[in-house]
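Participant: Dropping the structure in here first, questions after.
This is the structure in structure tokens:
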């Protein structure tokens, strides 16, 4: 049983290796060679859309170039911004975009995305829920100050959009047993994404959104955040990136 | 080789059956029994977010209840609206939401989501790109008439958001060889989603967005739309739903 659990989140590279011995079975057409070269393009900060991918690859021991010094205009000129924005992943010269697609792919490489189709779908659901939260808050960034504050005040009301969306993530975590994982009983990219969103909301940079909103109203999300931030490899990453992770 | 290709898109139920013979290998912890009962909750029309899932299940021969007559308020009261909105899937009593998560899950059940992790990610990328397009257009629905027209005029400029996003989908289809499929060389849920978005944009219901925008500017997307609409099972579905598919 322990072996099966371990395999469930075994990195793709390892799985591909294991499966080589069984080559010839059509069922194994699913295994693919691990990529040789992975670049993540994003700005030099830890916003969750990129940080989920960085952390997944780092925690999973998958080598990658964490490219933070190439301007968007240059990436655009090189045809790398499929939908006009970063982050994007370049994998053996091929571009992949869209937060969930990249996070789930990185999660598979890293052994942090379950193989069971239902659990896979729940992980994807969480990441897309994080994108919803981000769109809700992000939609206020360019508003004039007064309108921005009004919009943020509305979204944190009991029926407000932000509370409904965080409530959705909380519900998923609770249905999973409030065990510190959003899906299943080991760390996945869903946890990394949820932790990243919770960190952002709690950081105090979002005027009009109470910085303790996760801590006080969404205990299952707060527990996921703790699980991730206390993971030894995440702590190693945080220590190497003090600008992004403060002194914690 | 033909056998391997066929397996790549074999429905989960079939794959699970195949894999039973090999049970005991830890590598097979990925196979899961096919669900017994699937309900899709949505309104009584063919918007792509729900229609992608309906079509995938129908084309793949996966039985499901196409529930169109339950009010959102009732679903909310039953705790089924995780993020506050439909569509949602109920699978053996468990709820799944988020368009991409549901579409990819349905695609796996139906044999319309590839197993190769890179191709899986490209399918997910397309579905999320379709959501971006929908958010861009959808963001104008509640604007006063004049503002709405101005916003739509801006989004269809060469650097406008809608054109950039459709350009992203076109780029993915072109990189795949403009072969009538967004990813790989057989039909996936990405094609269903892209076809649905293209149908919506071409339907003439969106004032200020030229109804021929896909046909004239995005030939690879238009080809995907043709592929899907000429699929025998899609034609069978369309014939059974004349209200949604007109006389075609």
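Residue numbers (the UniProt record's numbering), protein chains in the order written: chain A, 1 to 248; chain B, 1 to 248. All residues carry an ideal CB built from backbone N, CA and C; glycine is no exception.
Near residue 94 (chain A), which residues of its chain fall below 6 Å by C-beta distance, leaving aside the five closest residues on each side in sequence?
Facilitator: What you label residue 94 (chain A) is simply residue 94 of the first chain in a count that begins at 1. Excluding residues within five positions, none has a Cβ falling inside 6 Å.
Participant: When DSSP labels each residue in this structure, what does residue 115 (chain B) get in the three-state scheme?
Facilitator: For the purposes of this step, residue 115 (chain B) is taken as the residue at position 115 of the second chain. Here residue 115 (chain B) sits in coil by DSSP.
Participant: Keeping to the same chain, check which residues put their C-beta closer than 7 Å to that of residue 54 (chain B); ignore five residues upstream and five downstream.
Facilitator: If you number the second chain from 1, residue 54 (chain B) lands on position 54. Exclusion of the five residues before and after residue 54 (chain B) leaves 40 and 66 as the residues of its chain whose Cβ lies within less than 7 Å of its Cβ.
Participant: Spatial neighbours of residue 60 (chain B) within its chain, please: C-beta separation below 7 Å, excluding the five flanking residues on both sides.
Facilitator: As a working note, residue 60 (chain B) is residue 60 in the second chain. Here the set comprises 11, 109, 110, 111 and 112.
Participant: Rounded to whole angstroms, what's the CA-CA distance from residue 206 (chain A) to residue 226 (chain A)? Just pull it up for me.
Facilitator: As a first step, residue 206 (chain A) is located in the first chain; it is residue number 206 there, counting from the start. As a first step, residue 226 (chain A) is located in the first chain; it is residue number 226 there, counting from the start. Between residue 206 (chain A) and residue 226 (chain A), the C-alpha separation is close to 21 Å.
Participant: In whole angstroms, give me the CA-to-CA distance for residue 87 (chain A) and residue 144 (chain A).
Facilitator: Here residue 87 (chain A) refers to the residue found at position 87 when the first chain is read from its first residue. Here residue 144 (chain A) refers to the residue found at position 144 when the first chain is read from its first residue. Their backbone Cα atoms lie some 27 Å apart in a straight line.
Participant: Tell me which same chain residues have a C-beta within less than 7 Å of the C-beta of residue 99 (chain B), skipping the five on either side of it?
Facilitator: Position 99 of the second chain holds residue 99 (chain B). In the same chain as residue 99 (chain B), and ignoring 5 residues on each side of it, the C-beta atoms closer than 7 Å to its own belong to 49, 127 and 131, in chain order.
Participant: DSSP has residue 90 (chain B) in a bridge; who is on the other side?
Facilitator: What you label residue 90 (chain B) is simply residue 90 of the second chain in a count that begins at 1. As a beta-bridge residue in DSSP terms, residue 90 (chain B) pairs with B:39 and B:95.
Participant: Would you check if the distance between the CB atom of residue 125 (chain A) and the CB atom of residue 202 (chain B) is smaller than 8 Å?
Facilitator: Working through the first chain from its first residue, we reach residue 125 (chain A) at position 125. Working through the second chain from its first residue, we reach residue 202 (chain B) at position 202. The answer is no: Cβ separation not under 8 Å.
Participant: Nearest-angstrom Cα distance between residue 149 (chain A) and residue 155 (chain A)?
Facilitator: Counting from 1 along the first chain, the entry for residue 149 (chain A) is found at position 149. Counting from 1 along the first chain, the entry for residue 155 (chain A) is found at position 155. Approximately 10 Å between the Cα atoms of the pair.
Participant: Can you confirm whether residue 141 (chain A), when its beta carbon is compared against all beta carbons of chain B, has any partner nearer than 8 Å?
Facilitator: The count along the first chain starts at 1 and reaches residue 141 (chain A) at position 141. No, because no Cβ of chain B sits closer than 8 Å to the Cβ of residue 141 (chain A).
Participant: Anyone know if the C-beta pair for residue 134 (chain A) and residue 103 (chain A) falls short of 8 Å?
Facilitator: In the first chain, the residue the question calls residue 134 (chain A) occupies position 134. In the first chain, the residue the question calls residue 103 (chain A) occupies position 103. Going by C-beta atoms, residue 134 (chain A) is not nearer than 8 Å to residue 103 (chain A).
Participant: Only counting the same chain, and skipping five residues up and downstream in sequence, which positions put a Cβ closer than 6 Å to that of residue 83 (chain A)?
Facilitator: One-based indexing of the first chain puts residue 83 (chain A) at position 83. The residues are 97.
Participant: Please state if the CB of residue 192 (chain B) and the CB of residue 129 (chain B) are separated by a distance shorter than 8 Å.
Facilitator: Within the second chain, residue 129 (chain B) is the residue found at index 129, counting from 1. Within the second chain, residue 192 (chain B) is the residue found at index 192, counting from 1. Going by C-beta atoms, residue 129 (chain B) is not nearer than 8 Å to residue 192 (chain B).
Participant: Identify which residue in A:43, A:62, A:106 and A:57 has its Cα closest to the Cα of residue 71 (chain A).
Facilitator: Here residue 71 (chain A) corresponds to residue number 71 of the first chain, with the count starting at 1. The residue from A:43, A:62, A:106 and A:57 with its alpha-carbon nearest to that of residue 71 (chain A) is A:43.
Participant: Classify residue 67 (chain A) as helix, strand or coil using the three-state DSSP reduction.
Facilitator: Along the first chain, one-based indexing puts residue 67 (chain A) at 67. Looking at residue 67 (chain A) - three-state DSSP - the assignment turns out to be strand.
Participant: Relative to the C-alpha of residue 211 (chain B), which residue among B:228, B:37, B:152 and B:120 is closest?
Facilitator: Translated into positions along the second chain, residue 211 (chain B) becomes position 211. Of the candidates B:228, B:37, B:152 and B:120, the one whose C-alpha sits nearest the C-alpha of residue 211 (chain B) is B:152.
Participant: Which chain A residues are close to residue 168 (chain B), counting only those with a beta carbon under 8 Å from its beta carbon?
Facilitator: Locating residue 168 (chain B) in the second chain gives position 168, where the first residue counts as 1. Correct list: 82, 83, 84 and 97.
Participant: Per DSSP, what kind of secondary structure is residue 28 (chain B) in: helix, strand or coil?
Facilitator: Looking up residue 28 (chain B) in the second chain gives position 28. Caution applies to residue 28 (chain B), whose pLDDT of 26 falls short of 50 and renders its modelled position unreliable; the value that the coordinates give is listed next. Correct three-state label for residue 28 (chain B): helix.
Participant: What's the gap between the Cα of residue 17 (chain A) and the Cα of residue 182 (chain A)?
Facilitator: Position 17 of the first chain holds residue 17 (chain A). Position 182 of the first chain holds residue 182 (chain A). The predicted model places residue 17 (chain A) with a pLDDT of 37, which falls under 50 and marks its position as unreliable, so this point remains unresolved.
Participant: Assuming residue 105 (chain A) contacts residue 222 (chain B) (C-beta within less than 8 Å), just tell me the rounded distance between them.
Facilitator: For the purposes of this step, residue 105 (chain A) is taken as the residue at position 105 of the first chain. For the purposes of this step, residue 222 (chain B) is taken as the residue at position 222 of the second chain. With a Cβ gap of about 28 Å, residue 105 (chain A) and residue 222 (chain B) do not count as contacting.
Participant: Using beta carbons (cut-off 8 Å, strictly below), is residue 179 (chain B) in contact with chain A?
Facilitator: Within the second chain, the letter at position 179 stands for residue 179 (chain B). No, residue 179 (chain B) lies away from the interface with chain A (no Cβ there is under 8 Å from its Cβ).
Participant: Return yes when the Cβ of residue 38 (chain B) is within less than 8 Å of the Cβ of residue 91 (chain B), no when it is not.
Facilitator: As a working note, residue 91 (chain B) is residue 91 in the second chain. As a working note, residue 38 (chain B) is residue 38 in the second chain. Cβ distance < 8 Å, so residue 91 (chain B) and residue 38 (chain B) count as in contact.
Participant: Output the boundary residues of the alpha helix (DSSP H) element that contains residue 172 (chain A).
Facilitator: Stepping through the first chain from its first residue, residue 172 (chain A) is reached at position 172. According to the DSSP assignment, residue 172 (chain A) belongs to the alpha helix (DSSP H) that extends over 161-175.
Participant: Could you name the residues of the same chain whose beta carbon sits closer than 6 Å to that of residue 119 (chain A), not counting the 5 residues immediately before and after it, in chain order?
Facilitator: Translated into positions along the first chain, residue 119 (chain A) becomes position 119. Contacts found: 183 and 184.
Participant: Taking the alpha-carbon positions, what's the residue 163 (chain B) to residue 234 (chain B) distance?
Facilitator: Residue numbering aside, residue 163 (chain B) sits at position 163 when the second chain is read from its first letter. Residue numbering aside, residue 234 (chain B) sits at position 234 when the second chain is read from its first letter. In a straight line, the C-alpha of residue 163 (chain B) is about 28 Å away from that of residue 234 (chain B).
Participant: Can you give the beta carbon distance from residue 214 (chain B) to residue 198 (chain B), rounded, assuming they're within the 8 Å contact cut?
Facilitator: Against the second chain, residue 214 (chain B) aligns to sequence position 214. Against the second chain, residue 198 (chain B) aligns to sequence position 198. The Cβ separation is near 5 Å, so the contact holds.
Participant: For residue 158 (chain B), is the classification buried or exposed, using 16 other Cβ atoms within 10 angstroms of its Cβ as the cut-off for buried?
Facilitator: One-based indexing of the second chain puts residue 158 (chain B) at position 158. Result: exposed.
Participant: What residue range is occupied by the uninterrupted alpha helix (DSSP H) comprising residue 81 (chain A)?
Facilitator: In the first chain, the residue the question calls residue 81 (chain A) occupies position 81. Annotation for residue 81 (chain A): no alpha helix (DSSP H) segment contains it, and DSSP assigns it neither H nor E.
Participant: Let's test the definition: count the other Cβ atoms within 10 Å of the Cβ of residue 115 (chain A) and tell me whether it reaches 16, buried, or not, exposed.
Facilitator: The residue given as residue 115 (chain A) occupies position 115 in the first chain. Looking at its Cβ environment, which holds 16 or more other Cβ atoms inside 10 Å, residue 115 (chain A) is buried.
Participant: Name the two residues that bound the continuous alpha helix (DSSP H) containing residue 196 (chain B).
Facilitator: Locating residue 196 (chain B) in the second chain gives position 196, where the first residue counts as 1. Where residue 196 (chain B) is concerned, the enclosing alpha helix (DSSP H) stretches over 189-202.
Participant: When the Cα of residue 245 (chain B) is compared with those of B:45, B:35, B:34 and B:36, which residue comes out closest?
Facilitator: Taking the second chain and counting its residues from 1, one reaches residue 245 (chain B) at position 245. The shortest C-alpha separation from residue 245 (chain B) is found at B:45.
Participant: Identify whether residue 221 (chain A) lies in helix, strand or coil by the three-state DSSP scheme.
Facilitator: Here residue 221 (chain A) refers to the residue found at position 221 when the first chain is read from its first residue. Three-state result, residue 221 (chain A): helix.
Participant: Return no unless some Cβ of chain B is closer than 8 Å to the Cβ of residue 104 (chain A).
Facilitator: Mapped onto the first chain, residue 104 (chain A) falls at position 104. Answer yes: the Cβ-Cβ gap between residue 104 (chain A) and chain B drops below 8 Å somewhere.
Participant: For residue 238 (chain A), which residues in the same chain have their Cβ closer than 8 Å to its Cβ, ignoring the five residues on either side in sequence?
Facilitator: By one-based count along the first chain, residue 238 (chain A) stands at place 238. Same-chain partners within the cutoff: 229, 244, 245 and 248.
Participant: Can you tell me whether DSSP reads residue 181 (chain A) as helix, strand or coil?
Facilitator: Taking the first residue of the first chain as 1, we reach residue 181 (chain A) at position 181. It is coil, neither helix nor strand.
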